[in-house]
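Asks: Going by the working numbering, the first residue of the sequence shown is number 38, and it counts up by one from there. Right, I'll just put the structure down here and ask away after.
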Amino acid sequence: MPRLRKFSHSFHCVFGKSFTFLLFTVLFTFGLSFSEAKEGFKRAEKGKTLTLTEYFDFSCPLSAQSSKSLSSFKEKVGSRVRIVRKSLAFSDEGFSWIAGKYYHMLLNQNKKFAESFYKRVFEQTLKGEINEAFLKNVITDLGLDFAKFKLELKSPFLEKELRQNEVLANKSGIFVSPGYTLDGQVLLGKQESTDFGKLLSQR
38 MPRLRKFSHS FHCVFGKSFT FLLFTVLFTF GLSFSEAKEG FKRAEKGKTL
88 TLTEYFDFSC PLSAQSSKSL SSFKEKVGSR VRIVRKSLAF SDEGFSWIAG
138 KYYHMLLNQN KKFAESFYKR VFEQTLKGEI NEAFLKNVIT DLGLDFAKFK
188 LELKSPFLEK ELRQNEVLAN KSGIFVSPGY TLDGQVLLGK QESTDFGKLL
238 SQR
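See the structure below:
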């Protein structure tokens, strides 16, 4: 026992001060790192909002699947990323073109209605094809007068909008759906939430 106490005393004398200094240094460094990380997070939060542009086709199952990943990604990043949706229709025939006109008409009237339409149509796309009866039901469910709404679809502005979307997509290097651009970077095809996250981390 005396030898044990002597050893303990010797250990404290040799290492006591340096151990205390080391412990203090570690705690201080960790605290500083934590503080710096916290400040860095604040700076990131205060940084500029990035715009992610989504080019999609309402008749494309891959666009529909990828839209879920994009929604999950948006929930995680919040206001750091603003999403702009642009409907593509590589032909002026078919319901992809018609649904695109519906979407952009709603977008000009009420963004919440447009978002609801976007989600409803893609839910149907994953189940099967969309048709006019389905589109009519969606518009009616939104509380809009379908007959009046359909008349407004004749506006040449809508066709111009869809054709311009294709031009902008092609200029970005997007010739298929879905496609995405974020601060000059392009993602093509179906994406997972982590794919969007990787793109954002490179900014």
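Beta carbons are placed, not taken as given, at the ideal position from N, Cα and C, and that holds for glycine.
Can you give me the C-alpha to C-alpha distance between residue 190 and residue 136, rounded to a whole angstrom?
Replies: One-based indexing of the sequence shown puts residue 190 at position 153. One-based indexing of the sequence shown puts residue 136 at position 99. Their Cα atoms are separated by approximately 10 Å.
Asks: Take residue 117 as the anchor and find which of 162, 225 and 89 has the nearest alpha-carbon.
Replies: Translated into the one-based positions of the sequence shown, residue 117 becomes position 80. Of 162, 225 and 89, the residue nearest in Cα terms is 89.
Asks: How many whole angstroms separate the CB atoms of residue 199 and residue 151, which I take to be in contact at a CB cut-off of 8 Å?
Replies: Indexing the sequence shown from 1 puts residue 199 at position 162. Indexing the sequence shown from 1 puts residue 151 at position 114. Going by Cβ atoms, the distance from residue 199 to residue 151 rounds to 14 Å, so no, they are not a contact pair.
Asks: What three-state label does DSSP hand residue 157 in the structure shown?
Replies: Within the sequence shown, numbered from 1, the residue matching residue 157 stands at position 120. If DSSP states are grouped into helix, strand and coil, residue 157 belongs with the helices.
Asks: If you check the beta carbons only, do residue 143 and residue 132 fall under 8 Å apart?
Replies: Working through the sequence shown from its first residue, we reach residue 143 at position 106. Working through the sequence shown from its first residue, we reach residue 132 at position 95. No, they are not a contact pair.
Asks: Take the Cβ of residue 94 as the centre, count every other Cβ of all protein chains shown within 10 Å, and call the residue buried at 16 or more, exposed below.
Replies: On the sequence shown, residue 94 is found 57 positions in, with the first residue counted as 1. It counts as buried.
Asks: Taking only three categories from DSSP, how would you classify residue 219?
Replies: Stepping through the sequence shown from its first residue, residue 219 is reached at position 182. Note: residue 219 maps to strand in three-state DSSP.
Asks: From residue 166 to residue 114, what does the alpha carbon distance come to, in whole angstroms?
Replies: Within the sequence shown, numbered from 1, the residue matching residue 166 stands at position 129. Within the sequence shown, numbered from 1, the residue matching residue 114 stands at position 77. Spanning the two alpha carbons is a distance of roughly 32 Å.
Asks: Across which residues does DSSP place residue 123 in a beta bridge pair?
Replies: Counting from 1 along the sequence shown, the entry for residue 123 is found at position 86. Paired residues: 92.
Asks: Check for me: the alpha helix (DSSP H) holding residue 174 runs from which residue to which?
Replies: Residue 174 sits at position 137 when you count from the first residue of the sequence shown. Per DSSP, residue 174 belongs to the alpha helix (DSSP H) from 169-178.
Asks: For residue 148, count the other beta carbons within 10 Å of its own beta carbon; 16 or more makes it buried, fewer makes it exposed. Which is it?
Replies: Indexing the sequence shown from 1 puts residue 148 at position 111. With fewer than 16 other Cβ atoms within 10 Å, it is exposed.
Asks: Could you tell me which of 111, 178, 141 and 91 sits nearest to residue 157, measuring between CA atoms?
Replies: Here residue 157 is taken as the residue at index 120 of the sequence shown, counted from 1. When each option's Cα is compared against that of residue 157, the closest is 178.
Asks: Leaving out five residues on either side along the sequence, give the residues of the same chain with a beta carbon under 6 Å from the beta carbon of residue 159.
Replies: Numbered from its first residue, the sequence shown carries residue 159 at position 122. Taken in chain order, the residues that qualify are 101 and 104.
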